Amino acid sequence: MRLSLTLCIALALAGSLAGAEPILLKRGINGDLWHNWGSIAELRADPEALAVFPDWRRMVTPAMMEALSEQGFDFIRMPTDPGPALAAGPGAEQDRLIDGMIAAVQMGLDADLKVILDLHPLPRGAEIGGIESLLGSHFPDYVALVARIAQRLAELPQDRVALELLNEPSFDCEGVYAGAPPKWPAMQAELHAAARAEAPDLTIILTGACWGQANALASLDPAHIGDDSVLWTFHSYVPFAYSHQGAVWTEAPVRYLRDLPYPPSLMTPDTAARVIADSAARMAEAEGLADEGAIAREVEAYAGTADSDATYEIAVAASWADAHGIPRDRILLGEFGALHTADGVTQPIEWYHAFLADKRRAAEAAGMGWAVLSWKGDMGVADPEAPDRRLSPGTCRALGLPCGN
């Protein structure tokens, strides 16, 4: 494959970039993504849908943002779908959508928070603007869009903002695990070079492919970037059967599981039998047939999971940083959380709090910052009964936050 001019420049500069120090991120939260989850075509066809972008700005008040700072968070990771801007193409409409991104970032800055603008596309199949298209035929257009966004972020305080080039690249697992020639490192280098050319002092956040796993981060050679003004991120949802039990966006059998306890050592034979039976009934109701064997294997595997497995990905990322001479405070656990409020997921809140606490303590012990997922929703940390989306005392304790106490 012939290298693009941008990538050639990036490789030529490798090892020579020494910009500003990256911003320091310690305790963070992932914000909202979409309230209107239509296709890009539907969003663009409705004059009101994209009139305010990101659309969560209609619901999130300055008081809510300020409450985050008051409770002890020092930054917010703002997931923002670049799909509509990519589909619009260069011009007035794209610029207006980028204006909305900058306005959203400014909301966080005004609340005394540092802000990550996280470019967070959705799976949209063949539709232009979905992650499949921007990792495929529309990648050159995405590089140009990232450059334009970086240019605008360069106008903001560079000691308080960061740009995350792409959330969870959803491909290249073969390059991470199966020895195939990796695709993502060169693509990320091209995105990085485009952003850095427009924003010399902006903190840029980089990640591994294969859904942003720690092992994918550990497969990268940071020397190919050669930039001192970057942070490296990974996500951790292990044990997946616990964190995603009941999630409708997962596949069977996990989507039908309920009541898996955390930590796994709480699983008893009686609990396992009940979980298997109840999950099989749900699967049979939804699909007409239950694969009880697959459900039993998933439950038994979870029962055999060591409690320490919840934090092993943090150790993987820490070891990678040490091996490459990267200070650990430049590694960010960018997402961790568990589904705990969806219909039918009735786990005791103590399990959820234990899960959050284990992840958070391990990240802090390793010297890393963290951002919990998420502010609201089925994995939300906000107390649904509290004003200004404040956290409950129990959630505050799990996250080690003072929360005004």
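Numbering (mature numbering (1 follows the signal peptide of the UniProt record, and there is no 0)) for the sequence shown: -20 to -1, 1 to 385. We treat Cβ as the ideally placed atom computed from N, Cα and C, and that holds for glycine. None of these values were measured; they are calculated from a predicted model.
Query, Result
"Spatial neighbours of residue 315 in its chain, beta-carbon cut-off 7 Å, leaving aside the 5 residues before and after", "10, 215, 351, 353"
"Residue environment, residue 262, which counts as buried when at least 16 other CB atoms sit within 10 Å", "buried"
"Delimiting residues of the beta strand (DSSP E) encompassing residue 172", "Counting along the chain, residue 172 falls outside any beta strand (DSSP E), though it belongs to the alpha helix (DSSP H) covering 164 to 178."
"Check whether residue 94 and residue 349 have beta carbons under 8 Å apart", "no"
"Residue burial classification, residue 172 (beta-carbon count within 10 angstroms, cutoff 16)", "buried"
"First through last residue of the alpha helix (DSSP H) which encompasses residue 315", "Per DSSP, residue 315 belongs to no alpha helix (DSSP H); it is in the beta strand (DSSP E), 311 to 315."
"Through-space distance from residue 331 to residue 237, alpha-carbon basis", "15 Å"
"Beta-carbon proximity list for residue 149, same chain, < 6 Å, skipping 5 on both sides", "164, 189"
"Stretch-stretch touch, CB-based, cutoff 8 Å, three pairs: the region 269 to 276 with the region 226 to 244", "yes"
"contact_flag[the region 375 to 383, the region 16 to 36] where n(CB pairs < 8 Å) is 3 or more", "no"
"Cβ-Cβ distance between residue 245 and residue 287 below 8 Å", "yes"
"Segment limits, alpha helix (DSSP H) that includes residue 277", "272 to 283"
"Helix, strand or coil at residue 249 according to DSSP, with G and I counted as helix", "helix"
"Minimum C-alpha distance to residue 109 - residue among 146, 137, 320", "146"
"Start-to-end residues for the alpha helix (DSSP H) that takes in residue 50", "42 to 51"
"Touching by the beta-carbon criterion (3+ pairs, under 8 Å), the region 128 to 137 and the region 85 to 102", "yes"
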